[in-house]
Amino acid sequence: MNTTAETTVPKISLKDVHKSFGAKSVLDGINLDIAKGESVVVIGGSGTGKSVLIKCIIGILQPDSGLIAVDGEDVTHVPANARDAVNRKFGMLFQGGALFDSLPVWENVAFGLMQREHLSRAQAKARAVETLEKVGLSPDVGELSPAELSGGMQKRVGLARAIAGEPEIVFFDEPTTGLDPIMGDVINDLIIACVKQQGITALSITHDMHSARKIGDRITMLYQGKLIWDGAARDVDHADNPFVDQFVHGNAEGPIKMQVRR
Amino acid sequence: MQFLALIGSVVLAFLAHIGRLTLFTATAISHCARPPIYFRLIGRQMIDIGYYSLPVVGLTAIFSGMVLALQSYTGFARFAAGSENAVANVVVVSLTRELGPVLAGLMVAGRIGASMAAEIGTMRVTEQLDALTTLSTNPFKYLVVPRIVAGTMMLPVLVLIADIIGVFGGFVVSVYKLGFNPAAYISNSYDFMQPLDVISGLVKAGVFGFTIAVMGCYAGYHSKGGAQGVGAATTNAVVSSSILILTFNYIITELFFGT
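Here the protein sequences line up with chains A and B, keeping their order.
So for the first sequence, our numbering puts the first residue at 94; every next one is plus one.
So for the second sequence, our numbering puts the first residue at 10; every next one is plus one.
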């Protein structure tokens, strides 16, 4: 294996991935390559299967067919004990934060460090405080319980938890949803500072176009289980695709009809 | 034909449920033996299940012992004499064999089974279980195993304490209300009791503790759909573990004492 081949292996590669729930086909032949260090944003309406896409990659859901590879290595059919090694490369910011409410903030951030790297509690706490500083939170926030934090603070803690283990790939599930525009932009800036500038590969899903333009190098749109458009983030406003145009401009009228039922 | 299809779908759903539960239990047991084991979490669950259930189990036991003594005295008065001996025997045998484990099991199912289902169910609907997976932590090891281990180990301890408190309740009523001789009551209880009475009760308690933890975790783990789903999971956990407790109670009694 020569060096040029190594550099061309995509960090994440999805080939013809299918996933359905009952009769409803959510992912219907997804093909997506993400290069190392690239930040890709998947846009699409609510309930179009954006979260399912990420859950298939991190192994929470099993795709019905198709291939998902991380660093060229098939991760769709790995046994449970090898899955941990794959998951070590990942960090994820969940939509609702998904902080463990039984643990104080610092233990949330240090959770992966204690589980994976078996750091002592004191060492892990020091790392957690360091990571909290990166997302603009003071050390005393670490002693609070997640329930005491505002939505924006919870997102920051979620981000800190996602990057604390120094992952190679970070997934963002609607990072700005539910935040006011200013706090949303603060999170965008943090994502850029903590992920893009560190050369970490990122896959985000969102329907916030401002956020998508800002954090994405590349944008792709998911509609009815297929990626119907894929291009540079700056081209999204003149995509010349009626579906993308309707979504980007937020028009009720257009080819996309709102599905009432999932 | 519609009617047959309905029966078929109900049977299929039931079998799928049994299958899921069996798989869940087998996975949980297999994780009990494999490292890493979270001793901290097991300890915390033991305190939660064992120590904090003491008041409710103790109260249940003392009133059961008291009412047993009163009922058997007034009931036996209809039959022959010698009821004074019989009261002590009835209290000690029924408490250690039956009422101790069953009542403690049902009370703990309500207290602990419900809280397990609600906690794990909320973690499921707020994606905390998914977050555990992404942080290389198996939810079975982190959440299910500590609860099952603690439940199976602590219920026998609780039942042993309940037996003692219950016999004491019977003693109090017999001596202070019915005017029995205290020394005779104690020696009657002691002489009549056999080790197997207590042992069978403790075996039952272990099985009940395991059942409560498995059903609580299973209901929470498979809950979906927000607050309503978590509520349904909690109800399912308590109802199914209570029914299973009563079922296993009969089966174990049959195994120990069936002729």
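In this text, a Cβ means the ideal position worked out from N, Cα and C, and glycines have one as well.
Which residue's Cα is closest to the Cα of D109 of chain A: A:V145, A:D157 and A:E131?
Here residue 109 of chain A refers to the residue found at position 16 when the first sequence is read from its first residue. The residue with the shortest Cα to Cα distance from D109 of chain A is A:D157.
Counting only beta-carbon atoms, is M185 of chain A nearer than 7 Å to chain B?
Start at 1 with the first residue of the first sequence, and residue 185 of chain A comes out as number 92. Yes, contact with chain B.
Which residues in the same chain as A97 of chain B place their Cβ atom closer than 6 Å to its Cβ, once the five residues preceding and following it in sequence are excluded?
Taking the first residue of the second sequence as 1, we reach residue 97 of chain B at position 88. Within the same chain, A97 of chain B has close Cβ partners Y194, N197 and S198.
What in chain A is Cβ-close to Q11 of chain B, meaning under 7 Å?
Translated into positions along the second sequence, residue 11 of chain B becomes position 2. None at all; the shortest Cβ gap to chain A is about 20 Å.
Should K233 of chain B be labelled buried (16 or more other beta-carbon atoms within 10 Å of its own) or exposed?
The count along the second sequence starts at 1 and reaches residue 233 of chain B at position 224. Looking at its Cβ environment, which holds fewer than 16 other Cβ atoms inside 10 Å, K233 of chain B is exposed.
Min CB distance P137 of chain B to chain A below 7 Å
For this step, residue 137 of chain B is matched to residue 128 along the second sequence. Reading off the sequence, residue 137 of chain B comes out as Gln, not Pro. Judged by the 7 Å Cβ criterion, Q137 of chain B is in contact with chain A.
Alpha helix (DSSP H) runs wholly inside the region 168 to 226 of chain B, at least 4 long, in chain order
191 to 201
For chain A, is any of its Cβ atoms less than 7 Å away from the one on T146 of chain B?
Translated into the one-based positions of the second sequence, residue 146 of chain B becomes position 137. For T146 of chain B, a Cβ of chain A is located within less than 7 Å of the residue's own Cβ.
Taking 8 Å as the threshold, find out whether the region 205 to 216 of chain B comes into contact with the region 254 to 267 of chain B through three or more Cβ pairs.
yes
Please state the DSSP three-state secondary structure of T97 of chain A.
Within the first sequence, the letter at position 4 stands for residue 97 of chain A. Below a pLDDT of 50, predicted positions are generally treated as unreliable, and T97 of chain A, at 44, falls in that range; the measurement from the model is reported next regardless. Residue state, collapsed to three classes: helix.
Host alpha helix (DSSP H) of Y82 of chain B (start-end):
Mapped onto the second sequence, residue 82 of chain B falls at position 73. For Y82 of chain B, the enclosing alpha helix (DSSP H) has its first and last residue at L63 to F85.
Could you name the residues of chain B that R209 of chain A contacts, counting a contact when the two beta carbons are closer than 9 Å?
For the purposes of this step, residue 209 of chain A is taken as residue 116 along the first sequence, with counting starting at 1. Ordered by position in chain B, the residues that pass the 9 Å Cβ test against R209 of chain A are L144, S145 and T146.
Status (buried if at least 16 other CB within 10 Å, exposed otherwise) for I298 of chain A:
As a working mapping, residue 298 of chain A is identified with position 205 in the first sequence. Buried is the call here.
G218 of chain B and L164 of chain B - do their beta-carbons sit closer together than 7 Å?
Numbered from 1 along the second sequence, position 155 holds the residue referred to as residue 164 of chain B. Numbered from 1 along the second sequence, position 209 holds the residue referred to as residue 218 of chain B. Yes, Cβ-Cβ distance for L164 of chain B and G218 of chain B is below 7 Å.
Between the region 190 to 210 of chain A and the region 171 to 185 of chain B, do three or more beta carbon pairs fall short of 8 Å?
no
Contacts that D177 of chain A makes with chain C (C-beta to C-beta distance below 7 Å)
Annotation note: the requested chain C is absent from the structure, which comprises protein chains A and B.
Considering just the uninterrupted stretch of the alpha helix (DSSP H) at R49 of chain B, what are its terminal residues?
In the second sequence, the residue the question calls residue 49 of chain B occupies position 40. For R49 of chain B, the enclosing alpha helix (DSSP H) stretches over residues F48 to M55.
Could you give the first and the last residue of the continuous beta strand (DSSP E) run that contains M185 of chain A?
Counting from one through the first sequence, the residue named residue 185 of chain A turns up at place 92. Where M185 of chain A is concerned, the enclosing beta strand (DSSP E) stretches over F183 to L186.
Shortest alpha-carbon distance to P260 of chain A belongs to which of A:S118, A:I293 and A:S195?
Walking along the first sequence from the start, residue 260 of chain A turns up at place 167. Among A:S118, A:I293 and A:S195, the Cα nearest to that of P260 of chain A is on A:I293.
Going by C-alpha distance, which of B:V134, B:F201 and B:K150 is nearest V99 of chain B?
Residue 99 of chain B sits at position 90 when you count from the first residue of the second sequence. Here the closest residue by C-alpha is B:F201.
Quick one: which chain B residues come within Cβ less than 8 Å of A191 of chain A?
Here residue 191 of chain A is taken as the residue at index 98 of the first sequence, counted from 1. Contacts between A191 of chain A and chain B, judged by CB atoms closer than 8 Å, involve T135, E136, Q137, D139 and A140 in chain order.
Three-way DSSP call (helix, strand, coil) for E93 of chain B in this model:
Within the second sequence, residue 93 of chain B is the residue found at index 84, counting from 1. Correct three-state label for E93 of chain B: helix.
For a test of the three-state rule: what should DSSP assign to R43 of chain B, helix, strand or coil?
Working through the second sequence from its first residue, we reach residue 43 of chain B at position 34. It is coil, neither helix nor strand.
Nearest-angstrom Cα distance between N245 of chain B and D330 of chain A?
Numbered from 1 along the second sequence, position 236 holds the residue referred to as residue 245 of chain B. Numbered from 1 along the first sequence, position 237 holds the residue referred to as residue 330 of chain A. Those two C-alpha atoms are separated by around 51 Å.
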